[in-house]
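Trainee:
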Amino acid sequence: MEVKQLNETTYEIVCRTAHYKIVNQKIRELVNKNASKIILREVFGQRYIGTGIKEPIKIEIHGIAGNDLGIFLYNPKIEVFGNSQDCVGNTMMKGEIIVRGHAGDVCGYGMRGGKVYIEGDVGYRVGIHMKGYKEFVPTLIIGGKAGNFFGEYMAGGKLILLGLNRKTGEDIVGDYCATGMHGGIIYVRGEVPEKYLGKEVKIFEIDEKEKNLLKEELKGFANRFGLSVEEIMSKPFTKIVPVSARPYGRLYAHRWGIASGVIK
Amino acid sequence: MKNYSEMSGCGLAGFINRNGERVSGKYIFDSITSMKERGNGMGAGYAAYGIYPNMAEYYAFHIMIDDLDKITEITGVLNRFFHIVKSELIPTKSISSLYKKTTPPLFYRYFVTPKNDVKLPLETEEDMVVRAIMTINEKIAGAYVISSGKNMGAFKGVGEPDEIGEFFEIDQYQGNIWIAHTRFPTNTPGWWGGAHPFTVLDWSIVHNGEITSYGTNKRYVEMYGYKCTLLTDTEVAAYIFDLLFRKHKLPIKATLLAIAAPFWKDIDYIREKKLDKINELAMKIREVYSSAMLNGPFAMLFAYKDGLIGFNDRIKLRPFVAAINKDTVYMASEESAIRVICNNPEKVWMPKAGEPVIALMNNCNSDKCHPACI
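Protein sequences, first through last, are from chains W and X. In terms of the working numbering, the first sequence is numbered consecutively and its last residue is 264. In terms of the working numbering, the second sequence is numbered consecutively and its last residue is 638.
Next up, the structure:
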């Protein structure tokens, strides 16, 4: 591992096969020294990059970002020039992750805030268990296609799947899409076969008002990847929302709470 | 730089040069060592094809033994079945950190050619070799055959992938197909015989995951004379391959259809799409080979003299990435493990669950090799 200072607040780390603990320690050390931008070069699967930092720094990753990129992320902005592996943005809270390539399985798992933009395809179980609360509304936008279990057990936030690289005959999303979903919203650019959908959700068309909201949401994504929002919006979107309300609300509730009517 | 391991899954890596060009074990060593994190130092191993070109016509038996005195017994058993052409200790290096965990056993290798008059009625040569393996594994305490194919070998033990690689001096071997594994034992003991790969004849297998149907599978293969002696679930997968692939002569895809069988609802869907033949085949395989189905999460690499096959369980509960660069096909748990040895592959993709990646040798044609398609 080599560290270079490029200017007062910008540092470059050549990672190669250095252990992730050493790389992450170095990043934190540099942040404490007032670094505002860190460029990681020759990254080969180092895990947990960006975690444990509260300063709104920028991290550039050149190479393959390892598992759990930006896990518990709380402010930093991460940009990956390359592909990333599994669990991007796991349980992230704030900040932004941009991946200029594909991402692996379980991307955006339990995300509770911030934005994740993936340029290419994603693997299985993407956006599972995303959640939102008051001002914390996570957004995960995927430019490519997704595998099975997309948005499974989703509880909040926005999950947008564009399938821009889709060839004719290819499915945009896999089986068990939105199974057990009970909150949040999924937008898919194209049709989702009924047999792939979970029982807890229904498909709707989007109206003009929602179209505008979606446009706003897509602006950030289109900007980052040099696309036009109009072109993305030129095809119809499908909206997937849950039709049940709090189906698991009583699952772990105390008997007394239910009996006394405090928990409905 | 030690003891960084934490809770994780196993890791696997492998590649095949489809032109048959042999490369040093250094590459697979670098690849699997980059995923050290996925194991916990309780098992690692390598299997390589094309490493004994001068002894290619003989079965190469790699045998793990507790002490040198067992050699008399092993030689005794082998002499009943084979002419021993050459026997020697497998060269190993002293890696001090290995001895802190366990005492490494000794590794002996024999190059043998079968005797003509020892086959039982109806038995093929391969059946006889399998019988010899089972005899050693079961009857000689403290001796285990860890590989037994022609022009191939397995090297494995308790340690990190770099420790085991250095112990066996893996970089001294040249092979055209390599697979490797780093282990995080969860349900079964971490011992030298329990490290991956598992092999029988020239099939070898590395596995990340767990086989929850182990009991059913074990009873099934035992009916055909296989003995599960290595205390680990993956062993049974190697025997199932041998049974379906070699003895029952199923094509590759049909074998995988039996092992990672599609759900009934997906079989119904095949019927709705009017793919009657595939539907019938899928149904029959599920019925006939229900006991050969591996349940539970897994990603597996399976190698034999003609190719390398990687596949996942039906709902992709373990990671699996593949890449192609010219004549080489790479497969691994993590993309970074591929990029470490091939920085810019022509194509990288994440295969779908239950969709095998089949990379056969270029010189494979249908009469010489196993059929790939149904």
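For each residue, glycine too, the CB sits at the ideal point set by N, CA and C. The model shown is predicted, which means the values in this text are computed figures rather than measured ones.
Using a C-beta cutoff of 8 Å, does T17 (chain W) count as contacting chain X?
Mentor: Numbered from its first residue, the first sequence carries residue 17 (chain W) at position 17. Closer than 8 Å: yes.
Trainee: Within 10 angstroms of its Cβ, does D530 (chain X) collect 16 or more other Cβ (buried), or is it exposed?
Mentor: One-based indexing of the second sequence puts residue 530 (chain X) at position 266. The residue is exposed, with fewer than 16 neighbouring Cβ atoms inside 10 Å.
Trainee: Please say whether M614 (chain X) and V593 (chain X) have beta carbons closer to each other than 8 Å?
Mentor: Your numbering for residue 593 (chain X) matches position 329 in the second sequence. Your numbering for residue 614 (chain X) matches position 350 in the second sequence. Not closer than 8 Å, so no.
Trainee: Taking Cβ-Cβ distances below 8 Å as the criterion, which residues of the segment 67 to 99 of chain W are in contact with chain X?
Mentor: So the list reads N67, N83, Q85 and D86, given in the order they occur along the chain.
Trainee: Consult DSSP for K199 (chain W) and reduce its assignment to one of helix, strand or coil.
Mentor: Taking the first sequence and counting its residues from 1, one reaches residue 199 (chain W) at position 199. Three-state DSSP puts K199 (chain W) in coil, outside helix and strand.
Trainee: For A662 (chain X) versus T446 (chain X), is the C-beta spacing smaller than 8 Å?
Mentor: What the structure shows of chain X is the stretch from 265 to 638, and residue 662 (chain X) is not part of that stretch, so it cannot be assessed.
Trainee: First and last residue of the beta strand (DSSP E) that includes I410 (chain X)?
Mentor: As a first step, residue 410 (chain X) must be located in the second sequence, where it is residue number 146. Residues A407 to S411.
Trainee: Count the other CB atoms, across all protein chains shown, that sit within 10 Å of the CB of R344 (chain X); report buried if there are 16 or more and exposed otherwise.
Mentor: Position 80 of the second sequence, counted from the first residue, corresponds to residue 344 (chain X). Looking at its Cβ environment, which holds fewer than 16 other Cβ atoms inside 10 Å, R344 (chain X) is exposed.
Trainee: Whose C-alpha, out of W:I118, W:A178 and W:N90, is nearest the C-alpha of I141 (chain W)?
Mentor: For the purposes of this step, residue 141 (chain W) is taken as the residue at position 141 of the first sequence. Answer by Cα proximity: W:I118.
Trainee: With a threshold of 8 Å on Cβ separation, who are the neighbours of T450 (chain X) within its own chain once the five nearest residues in sequence on each side are excluded?
Mentor: Against the second sequence, residue 450 (chain X) aligns to sequence position 186. These residues qualify, in order along the chain: E474.
Trainee: Any Cβ of chain W within less than 8 Å of the Cβ of Y268 (chain X)?
Mentor: As a first step, residue 268 (chain X) must be located in the second sequence, where it is residue number 4. Here the model assigns Y268 (chain X) a pLDDT of 44, short of 50, so the residue's position is not dependable and the matter cannot be decided.
Trainee: State the CB to CB distance for the pair F562 (chain X) and D577 (chain X), rounded to an integer number of angstroms; the pair is presumed to be in contact (CB under 8 Å).
Mentor: The sequence position of residue 562 (chain X) within the second sequence is 298, counting from 1. The sequence position of residue 577 (chain X) within the second sequence is 313, counting from 1. F562 (chain X) to D577 (chain X), Cβ: 5 Å. Contact.
Trainee: Helix, strand or coil, according to DSSP, for N75 (chain W) in the structure here?
Mentor: Translated into positions along the first sequence, residue 75 (chain W) becomes position 75. Three-state DSSP puts N75 (chain W) in a strand.
Trainee: Residues in its own chain within less than 6 Å of E270 (chain X) by CB, not counting five upstream and five downstream?
Mentor: Your numbering for residue 270 (chain X) matches position 6 in the second sequence. Because E270 (chain X) carries a pLDDT of 49, less than 50, the predicted location of this residue cannot be relied on, and the following value inherits that uncertainty. Contacts found: none.
Trainee: What's the gap between the Cα of K158 (chain W) and the Cα of A18 (chain W)?
Mentor: Here residue 158 (chain W) corresponds to residue number 158 of the first sequence, with the count starting at 1. Here residue 18 (chain W) corresponds to residue number 18 of the first sequence, with the count starting at 1. One C-alpha to the other measures close to 36 Å.
Trainee: Between N165 (chain W) and G120 (chain W), is the Cβ-Cβ spacing less than 8 Å?
Mentor: As a first step, residue 165 (chain W) must be located in the first sequence, where it is residue number 165. As a first step, residue 120 (chain W) must be located in the first sequence, where it is residue number 120. The answer is yes: Cβ separation under 8 Å.
Trainee: Can the beta-carbon of T463 (chain X) be found less than 8 Å from the beta-carbon of G413 (chain X)?
Mentor: The sequence position of residue 463 (chain X) within the second sequence is 199, counting from 1. The sequence position of residue 413 (chain X) within the second sequence is 149, counting from 1. Yes.
Trainee: If we ignore side chains and look at the alpha-carbon of each, how far apart do S84 (chain W) and E390 (chain X) end up?
Mentor: Numbered from its first residue, the first sequence carries residue 84 (chain W) at position 84. Numbered from its first residue, the second sequence carries residue 390 (chain X) at position 126. If you take the alpha carbons of S84 (chain W) and E390 (chain X), they lie about 44 Å apart.
Trainee: Do three or more CB pairs link the segment 380 to 399 of chain X to the segment 488 to 497 of chain X at distances below 8 Å?
Mentor: Output reads yes: the segment 488 to 497 of chain X touches the segment 380 to 399 of chain X.
Trainee: DSSP on L161 (chain W), reduced to helix/strand/coil?
Mentor: Position 161 of the first sequence holds residue 161 (chain W). Residue state, collapsed to three classes: strand.
Trainee: Go to A563 (chain X), then tell me how far its beta strand (DSSP E) extends in each direction, as first and last residue.
Mentor: By one-based count along the second sequence, residue 563 (chain X) stands at place 299. Run containing A563 (chain X): F562 to Y568, per the beta strand (DSSP E) assignment.
Trainee: Hey, could you find the ends of the beta strand (DSSP E) E2 (chain W) is sitting in?
Mentor: Within the first sequence, residue 2 (chain W) is the residue found at index 2, counting from 1. That run of the beta strand (DSSP E) goes E2 to N7.
Trainee: Alpha carbon to alpha carbon, how far is V393 (chain X) from K290 (chain X)?
Mentor: Within the second sequence, residue 393 (chain X) is the residue found at index 129, counting from 1. Within the second sequence, residue 290 (chain X) is the residue found at index 26, counting from 1. Going from the Cα of V393 (chain X) to the Cα of K290 (chain X) covers about 31 Å.
Trainee: Between which two residues does the beta strand (DSSP E) containing R286 (chain X) stretch?
Mentor: Residue numbering aside, residue 286 (chain X) sits at position 22 when the second sequence is read from its first letter. It is not in any beta strand (DSSP E) - R286 (chain X) carries neither H nor E in the DSSP assignment.
Trainee: Could you check whether the segment 28 to 42 of chain W touches the segment 184 to 196 of chain W, counting it as contact only if at least three pairs of C-beta atoms, one from each stretch, sit closer than 8 Å?
Mentor: No, they do not touch.
Trainee: By Cβ distance below 8 Å, which residues in the same chain neighbour S600 (chain X) in space, the five residues on each side in sequence not counted?
Mentor: Mapped onto the second sequence, residue 600 (chain X) falls at position 336. S298 and M299, listed in sequence order.
Trainee: Which residue wins for smallest C-alpha separation from M306 (chain X), given the options X:I329, X:A525, X:P368 and X:L384?
Mentor: Along the second sequence, one-based indexing puts residue 306 (chain X) at 42. It is X:P368 whose Cα lies nearest to the Cα of M306 (chain X).
Trainee: Out of X:C606, X:A617 and X:G571, state which residue places its alpha-carbon closest to the alpha-carbon of G627 (chain X).
Mentor: Start at 1 with the first residue of the second sequence, and residue 627 (chain X) comes out as number 363. Note on residue identity: the sequence assigns Asn, not Gly, to residue 627 (chain X). Considering only alpha carbons, the answer is X:G571.
Trainee: Given this structure, state the Cα-to-Cα distance separating A407 (chain X) from D506 (chain X), to the nearest angstrom.
Mentor: Residue mapping note: residue 407 (chain X) aligns to position 143 of the second sequence, counting from 1. Residue mapping note: residue 506 (chain X) aligns to position 242 of the second sequence, counting from 1. Taking the straight line joining both Cα atoms gives about 22 Å.
Trainee: Tell me, to the nearest whole angstrom, how far the beta carbon of G52 (chain W) is from that of G70 (chain W); I am working on the premise that it is less than 8 Å.
Mentor: To locate residue 52 (chain W), count along the first sequence from 1; it is residue 52. To locate residue 70 (chain W), count along the first sequence from 1; it is residue 70. Between G70 (chain W) and G52 (chain W) the Cβ distance is about 11 Å, and since that is not below 8 Å, they are no contact.
Trainee: Taking 8 Å as the cut-off, does the segment 13 to 32 of chain W touch the segment 57 to 70 of chain W (at least 3 CB pairs, one atom from each stretch)?
Mentor: Yes, they touch.
Trainee: Measuring straight from C-alpha to C-alpha, what distance separates Y268 (chain X) and E424 (chain X)?
Mentor: On the second sequence, residue 268 (chain X) is found 4 positions in, with the first residue counted as 1. On the second sequence, residue 424 (chain X) is found 160 positions in, with the first residue counted as 1. Bear in mind that the predicted position of Y268 (chain X) carries a pLDDT of just 44, short of 50, making it unreliable; the figure below should be weighed with that in mind. Computed Cα separation, rounded: 11 Å.
Trainee: Mind checking the segment 32 to 46 of chain W against chain X and listing, in chain order, the residues whose C-beta falls within less than 7 Å of any C-beta there?
Mentor: Correct list: F44 and G45.
Trainee: Compute the Euclidean distance between the alpha carbons of P242 (chain W) and M181 (chain W), then round it to the nearest angstrom.
Mentor: The residue labelled residue 242 (chain W) in the question sits at position 242 within the first sequence. The residue labelled residue 181 (chain W) in the question sits at position 181 within the first sequence. Those two C-alpha atoms are separated by around 6 Å.
Trainee: Mapping DSSP to helix, strand and coil, what is V88 (chain W)?
Mentor: By 1-based counting over the first sequence, the position of residue 88 (chain W) is 88. V88 (chain W): coil per DSSP, three-state reduction.
Trainee: Using the Cα positions of I516 (chain X) and F204 (chain W), report the straight-line distance between them to the nearest angstrom.
Mentor: Here the question's residue 516 (chain X) lines up with position 252 in the second sequence. Here the question's residue 204 (chain W) lines up with position 204 in the first sequence. Using only the alpha carbons, I get a separation of about 43 Å.
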